[in-house]
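As structure tokens, the structure follows; a few thoughts come after it.
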Amino acid sequence: MDIDDILASVDRGAGASAESTALDHQQLTRFWVAERAVSEVLPWPAPLMERVMDRVRLQIETIEDLAASSGEATPTATHNPNLNLRLSILQTDLARTQYIIRSLLRQRLSKLTKHSMHYLVQLASRSKNPLSQSQSQSQSQSQNPNMTPEDSIPDISTIDNISPLSEPEATFVHAHQTLLAGHYGGSFMGAFPRALRRLDDNAGGTSMVQGPEIKEVVFARCLGVEVPVIVGAEDGEEVGVTMRMGDVWVVRWEGIRGLGRGERLSYYDL
Amino acid sequence: MAFPLPRGITPTEIAFLAEMETVTVVPRQRLEGLELLGGPIEPLVPPRRASLPLWLALLLKRQRRANIMPPPWLHPEALSLLLEIESQHQDYKNAFSPPPRLPGQPSIRELQDGAMPVARPQYTRDGDKYYPAPPFLPQNVAQSTISRDEVPPLPFHWVEVGNMLLDAASDDLVDPDQVRRLLKDLREVRMAKMRSGVDVMDAAATGGGGVALTGVGAMEISEERGFLTGVVDGLRKIGASKEQARREQMAEQRANGGYNGTQDDEEEDYMEF
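Just so you know, the sequences run in chain order A and B. For the first sequence, UniProt numbering gives the first residue as 1, with consecutive numbering after it. For the second sequence, UniProt numbering gives the first residue as 1, with consecutive numbering after it.
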């Protein structure tokens, strides 16, 4: 960190409104491209999305005010011949931003519905000690004679840290998986022996919960000075190729996902 | 079905993204500044030049309210030089011509003189570092001075910007027919390079490896994405057991190293953190 960094970090505090609009828009766009490209759900940037949604609301109000003023009085139309042009520009801009947000949310929903159990288990396992959890699971399994597939869905209502999901997304995933489990139970799983009715069954070393494939390749551009590709963080790190500034590489997603959130968003785009 | 599109942005989405590129326009009428969600735009006062996002420039152009200044690379002279580099130059037989430099990135000549790249981050409202990238870099704005000895590089969104300008603003370009021909030739030369890169794709299938595609364009990525990711994923699945064995071997070596704890190993461990 040099003096420029310090100055820049002080600068951003005051009166950066107009600039931050542009910056937030750039971040939103990059987040959208990244979310469209990788196989798993990326951490939800809550503060950024709140600001963007606030601005969208304000912009809709502005447009409505302008449209109302153009409709009610004819003299203003001659006074301001550009009003229609301004309106169409504002509306195009609004539609473009709304398109990004919609596409982003729908992409996330499609990932969540595809691997809903995986994300629920991931959330639940983070908050509890995995050992005690599996014990209590096996206990309840042996005690409960009316075991249904719904019982194997982790309860996430008490969890504080729901990253990478947003709150509505977490509620949605839970409701979705409960419905799905009810359907499975009603249509075929009810006929299974009790011990086989769990959705997160991992007997025989094969987990029934499928997660996204993080080994798939993505296209990445290095924006920092140097970024190493690191593979296999849990079982001994292995440092692969080093990307240099301006390079575009085809690399495994797992090789670059380990970079911290802020860094990751700034180091590549896809 | 929450979302029908395949993963990785599609050509239409890339065109949408390319419309966020900034271009230079010469307005033909006044327009006061506007606060857009994509950032504020400056007031338009003819005949002063202004920088606008491409979508807005095209909107004004279609209504004959502005003229678009073509970017420096979208010129028959620059394009034929680029085509010559792509097809004849020894250094770029198997690589794309170098992309526009990122902010803080030294040119090849400066690199030879020992200049180091310096990443200059901006800071977001949340305090994270942010490095701008295309389409938010001024890669398509008109330049007042074009240096004689440096060929203007092809920007990331060259296919899309080139085609959109040819469609909507061909009367603002120099010799649009020639430009169209050259763009097509460039595309073919570069597509052939992309295809010949299939040989090295095995590298991307192994653990920490990758394939460098520096200088590639957004549309070119999109064309090859399905094929490339498919092949690499296939190769990865074929090589999965081999990779697993190598991992285990490395873990074993590491365990043994810990046992006999030689000086070198310790140093290596230290270096990792």
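For each residue, glycine too, the CB sits at the ideal point set by N, CA and C.
Residues of its chain near residue i, where Cβ-Cβ distance is below 6 Å and the 5 sequence neighbours each way are ignored
{"i": "residue 298 of chain A", "result": "Residue 298 of chain A lies beyond the stretch modelled for chain A, which goes from 1 to 270, so this question has no answer here."}
{"i": "residue 142 of chain B", "result": "24, 69"}
{"i": "residue 104 of chain A", "result": "32, 35"}
{"i": "residue 166 of chain A", "result": "44"}
{"i": "residue 213 of chain A", "result": "39"}
C-beta atoms of residue i and residue j nearer than 7 Å
{"i": "residue 208 of chain A", "j": "residue 197 of chain A", "result": "no"}
{"i": "residue 22 of chain B", "j": "residue 100 of chain B", "result": "no"}
{"i": "residue 217 of chain A", "j": "residue 229 of chain B", "result": "yes"}
{"i": "residue 3 of chain B", "j": "residue 107 of chain A", "result": "yes"}
{"i": "residue 105 of chain B", "j": "residue 246 of chain A", "result": "yes"}
{"i": "residue 98 of chain B", "j": "residue 215 of chain B", "result": "yes"}
{"i": "residue 240 of chain A", "j": "residue 229 of chain A", "result": "yes"}
{"i": "residue 140 of chain B", "j": "residue 53 of chain B", "result": "no"}
{"i": "residue 173 of chain A", "j": "residue 116 of chain A", "result": "yes"}
{"i": "residue 210 of chain B", "j": "residue 251 of chain A", "result": "yes"}
{"i": "residue 23 of chain A", "j": "residue 59 of chain A", "result": "no"}
{"i": "residue 5 of chain B", "j": "residue 97 of chain A", "result": "no"}
{"i": "residue 82 of chain A", "j": "residue 34 of chain B", "result": "no"}
{"i": "residue 119 of chain B", "j": "residue 225 of chain A", "result": "yes"}
Cβ of residue i within 7 Å of any chain B Cβ
{"i": "residue 249 of chain A", "result": "yes"}
{"i": "residue 147 of chain A", "result": "no"}
{"i": "residue 205 of chain A", "result": "no"}
{"i": "residue 20 of chain A", "result": "yes"}
{"i": "residue 106 of chain A", "result": "yes"}
{"i": "residue 97 of chain A", "result": "yes"}
{"i": "residue 187 of chain A", "result": "no"}
{"i": "residue 59 of chain A", "result": "yes"}
{"i": "residue 245 of chain A", "result": "yes"}
{"i": "residue 224 of chain A", "result": "yes"}
{"i": "residue 110 of chain A", "result": "yes"}
{"i": "residue 257 of chain A", "result": "no"}
Neighbour flag for residue i against chain A, beta carbons, 7 Å
{"i": "residue 92 of chain B", "result": "no"}
{"i": "residue 8 of chain B", "result": "yes"}
{"i": "residue 244 of chain B", "result": "no"}
{"i": "residue 216 of chain B", "result": "yes"}
{"i": "residue 12 of chain B", "result": "no"}
{"i": "residue 211 of chain B", "result": "yes"}
{"i": "residue 226 of chain B", "result": "no"}
{"i": "residue 125 of chain B", "result": "yes"}
{"i": "residue 38 of chain B", "result": "yes"}
{"i": "residue 22 of chain B", "result": "no"}
{"i": "residue 31 of chain B", "result": "yes"}
{"i": "residue 154 of chain B", "result": "no"}
{"i": "residue 108 of chain B", "result": "no"}
{"i": "residue 117 of chain B", "result": "yes"}
{"i": "residue 15 of chain B", "result": "no"}
{"i": "residue 102 of chain B", "result": "yes"}
Close Cβ partners of residue i (< 7 Å) along its chain, the five nearest in sequence each way excluded
{"i": "residue 135 of chain A", "result": "Its pLDDT being 44, under 50, residue 135 of chain A is placed unreliably by the model, and the measurement read from it follows with that caveat. No residues qualify anywhere along the chain."}
{"i": "residue 202 of chain A", "result": "208"}
{"i": "residue 66 of chain B", "result": "25, 26, 27, 28, 57, 60"}
{"i": "residue 181 of chain A", "result": "149, 150, 153, 199"}
{"i": "residue 38 of chain A", "result": "218, 253"}
{"i": "residue 178 of chain A", "result": "150, 153"}
{"i": "residue 164 of chain A", "result": "41, 42, 43, 44"}
Same chain, Cβ closer than 8 Å to residue i, neighbours up to 5 away in sequence not counted
{"i": "residue 130 of chain B", "result": "121, 122, 123, 124"}
{"i": "residue 189 of chain B", "result": "83, 86, 87"}
{"i": "residue 133 of chain A", "result": "Residue confidence is low: residue 133 of chain A scores 47 on pLDDT, short of 50, so the model does not pin down where it sits. Its coordinate-derived value is still stated next. Cβ neighbours of residue 133 of chain A beyond the five flanking positions: 124, 125."}
{"i": "residue 218 of chain B", "result": "14, 17, 18, 134, 156, 157, 159, 160"}
{"i": "residue 163 of chain B", "result": "183"}
{"i": "residue 179 of chain B", "result": "74, 75, 76, 79, 162, 166, 173"}
{"i": "residue 176 of chain A", "result": "112, 113, 116"}
{"i": "residue 63 of chain A", "result": "87, 90, 91, 94"}
Residue i, buried or exposed, once every other Cβ within 10 Å from all chains shown has been counted against 16
{"i": "residue 201 of chain B", "result": "buried"}
{"i": "residue 198 of chain B", "result": "exposed"}
{"i": "residue 222 of chain B", "result": "buried"}
{"i": "residue 242 of chain B", "result": "exposed"}
{"i": "residue 40 of chain B", "result": "exposed"}
{"i": "residue 78 of chain B", "result": "buried"}
{"i": "residue 119 of chain A", "result": "buried"}
{"i": "residue 89 of chain B", "result": "exposed"}
heavy atom of the ligand COA below 6 Å from residue i C-beta
{"i": "residue 221 of chain A", "result": "Because no ligand of any kind appears in the structure shown, any question about the ligand COA cannot be addressed here."}
Cβ of residue i within 7 Å of any chain E Cβ
{"i": "residue 105 of chain B", "result": "The displayed structure is made up of protein chains A and B, and chain E is not among them."}
Members of the stretch 128–143 of chain B near chain A, C-beta cut-off 7 Å: 128, 129, 130, 131, 132, 133, 136
Chain-ordered residues of the stretch 195–220 of chain A with a beta carbon less than 9 Å from chain B: Along the stretch 195–220 of chain A, the positions whose C-beta sits under 9 Å from a C-beta of chain B are 213, 215, 216, 217, 218, 219, 220, read in chain order.
Listed from N- to C-terminal order along the chain, which residues in the stretch 33–60 of chain B have their beta-carbon within a distance smaller than 8 Å of any beta-carbon of chain A? 34, 35, 36, 37, 38, 39, 40, 55, 56, 59
Of all the residues that make up the stretch 157–182 of chain A, which are near chain B by a beta-carbon distance shorter than 9 Å? none
Near-chain A residues of the stretch 66–83 of chain B (beta-carbon distance less than 7 Å), N- to C-terminal order: none
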